[in-house]
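Working notes for the structure below.
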Ligand SMILES: N[C@@H](CCC(=O)N[C@@H](CS)C(=O)NCC(=O)O)C(=O)O
């Protein structure tokens with residue numbers, strides 16, 4: 021894995037030793053890129069090529085037992101000792117606590133952030149992921165799952181739109197909840213126009229103008245592949261317990 025995972029210093033800024041960011045340019049990867057860029061923490065990008073099976077390397081599984089990116093390894097974790105974190109929501113919360121930014125300490129404000137963060141990791145992400153799968157990756161054209169998941173994404177975008185009619189950001193102030201949702205709205209926007217969700221469209225445009233968001237989306241540009249091959253498909257789909 022070490023050979024495959026090229027380490028690069030993505031951004032030199034404040035902080036102690038760089039956080040290792042186990043990454044691939046996907047919506048779940050972008051979320052953490054946005055938080056790292058927003059906070060200015062020092063980090064190294066460690067590409068995990070999920071199309072080639074890097075996510076099954078034993079060294080990576082020690083950090084991320086679910087064989088999924090993103091994950092981080094912070095050499096300066098609690099007590100000054102290294103700590104690794106997997107699951108994007110847990111990573112965002114950890115980085116929010118570590119920096120004291122985008123994750124308020126006030127209990128009511130924190131509850132609002134967590135509501136929308138968990139709403140993303142338990143709802144918008146999985147549903148939009150399944151919609152993507154059946155629209156773009158399934159070899160069979162299956163109308164029922166396509167409709168089921170795109171309907172659910174549509175419903176969820178409507179929930180966001182209603183919320184964003186009352187507040188400028190999901191939890192009031194810009195937070196890790198917005199960062200988590202942004203890349204999945206971006207992904208859904210490939211097949212779902214946002215015109216019918218004006219509050220959501222305005223939020224999406226506002227976030228897209230943030231320099232940190234733009235830097236995060238540009239990360240790993242050279243890693244992206246034009247199209248999925250049959251070999252990639254064999255690795256990514258049909259996984260069962262090992
Ligand atoms: N619940 C996880 C989901 C992470 C996830 O699904 N990551 C995908 C890329 S977006 C992945 O690593 N896929 C590799 C695979 O399917 O083997 C999180 O929020 O971190």
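Numbering (our numbering), first residue to last: 21 to 262.
Beta carbons are placed, not taken as given, at the ideal position from N, Cα and C, and that holds for glycine.
- Expressed to the nearest angstrom, what Euclidean distance is found between the alpha-carbon atoms of residue 124 and residue 39? 22 Å
- Going by the beta-carbon positions, is the gap between residue 115 and residue 104 smaller than 7 Å? no
- Environment of residue 233 [buried if 16+ CB atoms lie within 10 Å]: buried
- In terms of residue numbering, what span does the beta strand (DSSP E) encompassing residue 67 cover? 63-67
- Task: Using DSSP bridges, identify the partner residues of residue 93.
- Result: 40, 104
- To the nearest angstrom, how far is it from the Cα of residue 158 to the Cα of residue 62? 38 Å
- For residue 31, name the three-state secondary structure that DSSP assigns. Low confidence applies here, because residue 31 scores a pLDDT of 44, under 50, leaving its location unreliable; read the following figure in that light. In this structure, residue 31 counts as strand in the three-state DSSP scheme.
- Item | Inside the stretch 128-158 only - alpha helix (DSSP H) runs reaching at least 4 residues | 145-152
- Excluding the five sequence neighbours on either side, which residues of its own chain have a C-beta within less than 7 Å of the C-beta of residue 70, listed in chain order? 44, 89, 256
- Task: Look up residue 116 in the DSSP assignment and say whether it is helix, strand or coil.
- Result: helix
- Query: If residue 191 and residue 133 are in contact, beta carbons under 8 Å, what's the gap, nearest whole angstrom?
  - Reply: 4 Å
- Message: Run through the DSSP bridge pairs and tell me what residue 192 is partnered with.
- Response: 189
- So the alpha helix (DSSP H) residue 165 belongs to, where does it begin and stop? 163-183
- Message: Pop quiz: residue 172 and residue 147 are said to be a contact at Cβ under 8 Å. What is the actual Cβ separation, rounded to whole angstroms?
- Response: 4 Å
- Query: From the beta carbon of residue 164, is the nearest beta carbon of chain B less than 7 Å away?
  - Reply: Among the protein chains of the structure shown there is no chain B, as only one such chain exists.
- Query: Going by the CB atoms, is the gap between residue 211 and residue 227 shorter than 7 Å?
  - Reply: no
- Task: In angstroms with no decimal places, state the Cα-to-Cα distance between residue 247 and residue 99.
- Result: 44 Å
- Task: Consult DSSP for residue 84 and reduce its assignment to one of helix, strand or coil.
- Result: coil
- Item | Local Cβ density within 10 Å of residue 67, reported as buried at 16 or more and exposed below that | buried
- Message: Classify residue 74: buried if its beta carbon has 16 or more other beta carbons within 10 angstroms, exposed otherwise.
- Response: buried
- Query: What residues in its chain sit with their C-beta under 7 Å from that of residue 143, if we drop five residues either side in the sequence?
  - Reply: 176
- From residue 258 to residue 219, what distance separates their C-alpha atoms? 38 Å
- Beta-carbon proximity list for residue 48, same chain, < 8 Å, skipping 5 on both sides: 88, 89, 90, 108, 145, 203
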